[in-house]
Amino acid sequence: MPGKLKVKIVAGRHLPVMDRASDLTDAFVEVKFGNTTFKTDVYLKSLNPQWNSEWFKFEVDDEDLQDEPLQITVLDHDTYSANDAIGKVYIDIDPLLYSEAATVISGWFPIYDTIHGIRGEINVVVKVDLFNDLNRFRQSSCGVKFFCTTSIPKCYRAVIIHGFVEELVVNEDPEYQWIDRIRTPRASNEARQRLISLMSGELQRKIGLKVLEMRGNAVVGYLQCFDLEGESGLVVRAIGTACTLDKLSSPAAFLPACNSPSKDMKEIPFNEDPNPNTHSSGPSTPLKNQTYSFSPSKSYSRQSSSSDTDLSLTPKTGMGSGSAGKEGGPFKALLRQQTQSALEQRGGSPHRFCRRREFPFFTLTAFPPGFLVHVGGVVSARSVKLLDRIHNPDEPETRDAWWAEIRQEIKSHAKALGCHAVVGYSESTSICEEVCILSASGTAAVLNPRFLQDGTVESCLEQRLEENLPAGCGFCHIPYDELNMPFPAHLTYCYNCRKQKVPDVLFTTIDLPIDATVIGKGCLIQARLCRLKKKAQAEANATAISNLLPFMEYEVHTQLMNKLKLKGMNALFGLRIQITVGENMLMGLASATGVYLAALPLPGGIQIAGKTPNDGSYEQHVSHMQKKINDTIAKNKELYEINPPEISEEIIGSPIPEPRQRSRLLRSQSESSDEVTELDLSHGKKDAFVLEIDDTDAMEDVHSLLTDVPPPSGFYSCNTEIMPGINNWTSEIQMFTSVRVIRLSSLNLTNQALNKNFNDLCENLLKSLYFKLRSMIPCCLCHVNFTVSLPEDELIQVTVTAVAITFDKNQALQTTKTQVEKSLQRASTDNEELLQFPLELCSDSLPSHPFPPAKATSVDYSSFADRCSSWIELIKLKAQTIRRGSIKTTVTVEKASPMNEGNFRNRSAPPCANSTVGVVKMTPLSFIPGAKITKYLGIINMFFIRETTSLREEGGVSGFLHAFVAEVFAMVRAHVAALGGNAVVSYIMKQCVFMENPNKNQAQCLINVSGDAVVFVHESELEVVSSQPPTANCQSSCPGGDVTT
Amino acid sequence: MTNELDIFVGNTTLIDEDVYRLWLDGYSVNDAVALRVRSGILEQTGATAAVLQSDTMDHYRTFHMLERLLHAPPKLLHQLIFQIPPSRQALLIERYYAFDEAFVREVLGKKLSKGTKKDLDDISTKTGITLKSCRRQFDNFKRVFKVVEEMRGSLVDNIQQHFLLSDRLARDYAAIVFFANNRFETGKKKLQYLSFGDFAFCAELMIQNWTLGAVDSQVDDMDVDLDKEFLQDLKELKVLVADKDLLDLHKSLVCTALRGKLGVFSEMEANFKNLSRGLVNVAAKLTHNKDVRDLFVDLVEKFVEPCRSDHWPLNDVRLFLNQYSASVHSLDGFRHQALWDRYMGTLRGCLLRLYHD
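Those sequence lines, one after another, are chains A and B.
Numbering (my numbering) for the first sequence: 820 to 1864.
Numbering (my numbering) for the second sequence: 451 to 807.
Here is the structure:
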């Protein structure tokens, strides 16, 4: 009996009138957990009942504690007929199961009904008494902490980052069960909500078990998704990064709450590492290109460490079978090199190592400094599958195999880029009828576990800055052999250090590393694309989609590239490409944040070429377009303050280079030596993109390039956590969700018309956001997240969630730079040790397609990365040690004057310090500007269904959805407040499925949101005696403070 | 391409004061958009008309959802659906309960019933205020009236507590409730020159001095109903004009005191008896409900108009009324000094307020 759950029902308020005659309600409450139900007394004739119940006690297994939600139902007592349900509250008690999160859940929860929405509130107190259980074979994983945040949470330190964990569970969708024909919509919705709640609990528990198995105590970057496969079932899947975290305030290592196998922790890291000398096996001098052999043929046979051998010997079967296969099997710890010597040096912190399982993937997008050594390019894989009914929910093998296949592909792409790991990894699906596109993407990278071991990992932003790679250009350096590049790219010497090669453009799915040197500001860049597709059935449909995909990816990429150049920038971060499938079309939407990385070459311009010669007016038109483009580039450079320091005399000239000079570049020195041939390389960097505008398509492209309107002045936008170039945030934030659905007129469905409609939809949406938030200027929209879906034939739905943050325009603080500078010397001393880890990568060359060709039912769309190499922009890193001597600091240190520092403080004072109790902030970011997160209370993962049969009466589709989204926010806030928190960070709306039937006056919507509940304290409150300035500021920043005249 | 659905929901509910005003004023979305365009917002922000349309719709939807809560403002404070900073909540409530001078003058003193509601059409046409806005204002009056009508305790406090209004607005509502309850006639042509502020001022004085609450703070309806006993007693004042000696004495006392101080002394002297008779008769008539309703008509007819036709300056009116009230204390034969003070103290204040063009 490992746990006792105690629940007390205190009171209700604002209940709806259930008895028309008296205009009152006779309410009582049912409290259900598992199969046990308790009831309160009926509180007669009141809309604000005071039940003040006894403590209802449930004695349950901790397994159930993790899986089951607490279900509270408020009913109206009726003597003569059945009691009417008022609504329900589901409470996830998981946060009470970690020792250091919330200890009690207590507060007002909205009473929710899937038909009527929120109907009053109920005050509930929930507690859990956990008993320690020493059962070794337990199925629960209490105590493993979950974080949605895709970086190391702010008040923790990563002791070890173990790596990828994944799991999926399947079930029949209650909506499609036979019983659904006879039960009410309410019953059906509730069955679904409950099932999904159960499934996510189960999923979380299973992932937790895997984490414990890996000796971790937390999952970071936890992403859980639902696939509503319709007839064929319901899939809940999750991925995350297992870590061992250490609370910063407490020096002692954290032990999981229940039965942590801590005694094993020290032994495990060593017992599978028979070659402790790995460290010394590789020379610490520069390894040059041989280090990375990305093709099996060129595989460089070095003394590979035992772990490499292990990896290649790992039975491939394990990969395909996903969760089920692994759990039973022996624990295969594929240890990365862990040297004895290193351990001894560290003295007493022996379990800092980075171990990888079969997929060296990390769902993190931001890393402890030094962890990320080099960044490859984006790797992605997509696969089109036909859904079939899931026959046995306990054996979700097909779905597991599908994902394993895709992950394998991602892994081999990464390897082709000379990288051993994938960071910023994510997975998604798009389903239409029985066709499903599975997508995975990430950024190939080389990581440095040694750096991690050196104990320099601090999860706090402030502390992070202390430890840095030199000059913030290391991650840009290519990791692969330039003589054997997996795709044509133009390399130059790094503009920062001048020692290493860098590509001309860099695409990644991660956040901008905190130490990267950026010139100017960043901006949101989107590529949007539609392709019509014939309606087809089953396999024909899947084939058609597979055939279209490569073209879509290619075009999306071209658009991104053009837009990037038009902005005068050279790198994309946070790239997310979403391909959505509909009945008769495919949509592609790519969002990323463009920046100008100082280490990369100046981007080339865009050249327009017409193929029809000797036509005067045409020529004129072309040159007119050319001029317009050049003007736009110049304007953008000014707008985003991109003025790179002049490195050589010819940089600033015309953006159009002479194409001939390119070839030289490709063949430039294969060996990067320490002598810098500075001027030689400046030629190739201006690789112009040539657009031929012969056909109408290209014309469209050019036009669409120019129609993207920059945000109004005072506005910036990005889809990453932090806006490059802005760091003087003030503390006003506004998170929002905006949804738009357009109906296409079916008459003129051409690709062009579609593209234009889609483009207008997105642009108008952005314009609306800028207009709505104009009172916050100067401000930045961060983490702008667009989701596209095609609910019906002629409908396009776009959902945007983002946060607007105000900043102080007057102070271009560059505080980070000073700190970077400071840490340069120190960091460089450690660099000698960087290289071991990558070496092993190259030798674990696996066959890239371990799976047999697709079965008849599934059409395999093998990764695009192989075919269309230009798509993957890679940066590879050389496994060269960066030696101290080679570090050249080009960072210009703009020291923030003490004056500025002071002002900044003041400005960041909380505008709402005086606000009423219960304000809960929500943000998709992992931090809250001007505040410090002091405690993580647990994960919020909620799923709601709302349905109406009186759509018109509720204000039509907009009124219906507006109310529902507001209700979802309210329920999230209420849960956070009940946990004792005052904010949700890393908030994400993972799903917003909207269906309507206006003829029947009906609509239904499903929303799934998640995030981390936290407690934060304003920085100004942290300072002990903060005198007047903050308060004065506080008053002035409260809008309309004196309205009550 | 049409927007089937278009919503924006912020974690903190966005409130645009300008749009809120347009919504309160009862404009349709399209009219509101047109008015916003005219305000030059497009030029300031570089937005398009479509953006404005979508923004206006969004705000209107939000306000529509908030309206239910605004009907019981404490609910707005405790609800969980809209996260609104307290200062904004106060603004929403205050503006929602604010009313137009033109409108309130039409309705003041009328029974807040269905019948009056039917007349809103005419009021709307007459005042140029949209029917929607008239309805909101009327419903506000009625809602406040219903809630506080039978409540114990101070009228202003009750209103503030149940509707979270500012002190000023709560006082205004107290006046509206008081007038509606006593059905004072305010619509007559000769009363048209009076503003709502004039009536509200008088209402406050009357609530303070003439209601049950003025003598006993523990009774129901204390601030809403006039003190019946007091009104009955007022008949006793009749002696001041009925007793010729007393009237003459009163006049001579006043005249002696004001000689040389009043610009309109001769007019005053000539009119004293008429004026005094008017004021005392008003008091004596207050036993009948019908006459209570006509209080303001009577005051204007019997006092304000005669003085005005003789071009009394306001200061002379003040000097006269002060002396007129005070001199009664020197009338030895008069025994109702306290009653006189309770009546005249309030009436003097009201008359001074009512005396203007």
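Beta carbons are placed, not taken as given, at the ideal position from N, Cα and C, and that holds for glycine.
It should be emphasised that the depicted structure is a prediction, and the values quoted were computed from it without experimental measurement.
Distance between residue j and residue i (C-alpha atoms, nearest Å)
i, j, result
"residue 1061 of chain A", "residue 1030 of chain A", "6 Å"
"residue 1340 of chain A", "residue 1330 of chain A", "14 Å"
"residue 1374 of chain A", "residue 1049 of chain A", "31 Å"
"residue 1750 of chain A", "residue 1756 of chain A", "16 Å"
"residue 1394 of chain A", "residue 1828 of chain A", "21 Å"
"residue 1337 of chain A", "residue 1387 of chain A", "13 Å"
"residue 455 of chain B", "residue 521 of chain B", "28 Å"
"residue 540 of chain B", "residue 884 of chain A", "43 Å"
"residue 496 of chain B", "residue 1459 of chain A", "19 Å"
"residue 1222 of chain A", "residue 992 of chain A", "21 Å"
"residue 1833 of chain A", "residue 1806 of chain A", "11 Å"
"residue 933 of chain A", "residue 1003 of chain A", "11 Å"
"residue 604 of chain B", "residue 544 of chain B", "20 Å"
Close-in-space but distant-in-sequence residues of the same chain around residue i (CB under 7 Å, 5 per side omitted)
i, result
"residue 1817 of chain A", "1770"
"residue 1789 of chain A", "929 and 937"
"residue 601 of chain B", "608"
"residue 648 of chain B", "803 and 804"
Proximal residues to residue i (C-beta, below 8 Å), its chain only, five neighbours per side dropped
i, result
"residue 789 of chain B", "680, 683, 684, 686 and 687"
"residue 708 of chain B", "715, 718, 769, 770 and 773"
"residue 1017 of chain A", "886, 887 and 888"
Reference residue i, options the options, closest by Cα
i, options, result
"residue 1327 of chain A", "A/1416, A/842, A/1052 and A/1562", "A/1416"
"residue 1054 of chain A", "A/1067, A/1237, A/1022 and A/1440", "A/1022"
"residue 822 of chain A", "A/856, A/882 and A/1616", "A/882"
"residue 1622 of chain A", "A/1451, A/1195, A/1536 and A/1582", "A/1536"
"residue 1599 of chain A", "A/1554, A/843 and A/1582", "A/1554"
"residue 1037 of chain A", "A/917, A/1401 and A/1593", "A/917"
"residue 557 of chain B", "B/695, B/461, B/721 and B/627", "B/627"
"residue 1552 of chain A", "A/1743, A/1221 and A/1342", "A/1743"
"residue 641 of chain B", "B/486, B/453 and B/806", "B/806"
"residue 1581 of chain A", "A/1806, A/1448, A/1605 and A/1597", "A/1605"
"residue 939 of chain A", "A/1588, A/831, A/1583 and A/995", "A/831"
"residue 1761 of chain A", "A/1834, A/931, A/1754 and A/826", "A/931"
"residue 1364 of chain A", "A/1575, A/1253, A/1382 and A/988", "A/1253"
"residue 1207 of chain A", "A/1460, A/990, A/1035 and A/1403", "A/990"
"residue 578 of chain B", "B/603, B/795, B/588 and B/552", "B/552"
Close Cβ partners of residue i (< 6 Å) along its chain, the five nearest in sequence each way excluded
i, result
"residue 851 of chain A", "890"
"residue 1595 of chain A", "1623 and 1625"
CB contact flag (residue i, residue j, <8 Å)
i, j, result
"residue 511 of chain B", "residue 1059 of chain A", "no"
"residue 864 of chain A", "residue 880 of chain A", "no"
"residue 1261 of chain A", "residue 1193 of chain A", "no"
"residue 1063 of chain A", "residue 1040 of chain A", "no"
Touching or not, the stretch 1310 to 1321 of chain A and the stretch 1368 to 1386 of chain A, by the rule of three or more beta carbon pairs under 8 Å? no
Under 8 Å, with one C-beta from each stretch per pair, do the stretch 1566 to 1586 of chain A and the stretch 1756 to 1772 of chain A reach the 3-pair mark? no
Would the stretch 1197 to 1205 of chain A count as touching the stretch 1244 to 1259 of chain A if we require 3 or more Cβ pairs under 8 Å? Enough Cβ pairs lie closer than 8 Å, so yes.
Do the stretch 723 to 742 of chain B and the stretch 610 to 625 of chain B make contact, defined as three or more Cβ pairs closer than 8 Å? no
Inter-stretch contact (C-beta, 8 Å, three-pair minimum) for the stretch 1542 to 1562 of chain A and the stretch 1603 to 1618 of chain A: yes
Cβ contact check for the stretch 1778 to 1786 of chain A and the stretch 940 to 950 of chain A: 3 or more pairs under 8 Å: no
Under 8 Å, with one C-beta from each stretch per pair, do the stretch 1351 to 1358 of chain A and the stretch 1541 to 1551 of chain A reach the 3-pair mark? Contact fails between the stretch 1351 to 1358 of chain A and the stretch 1541 to 1551 of chain A, because fewer than three Cβ pairs, one in each stretch, are under 8 Å apart.
How about the stretch 582 to 599 of chain B and the stretch 554 to 573 of chain B: do they share at least three Cβ pairs that are nearer than 8 Å? With a cut-off of 8 Å, the stretch 554 to 573 of chain B and the stretch 582 to 599 of chain B count as touching, because enough Cβ pairs lie within range.
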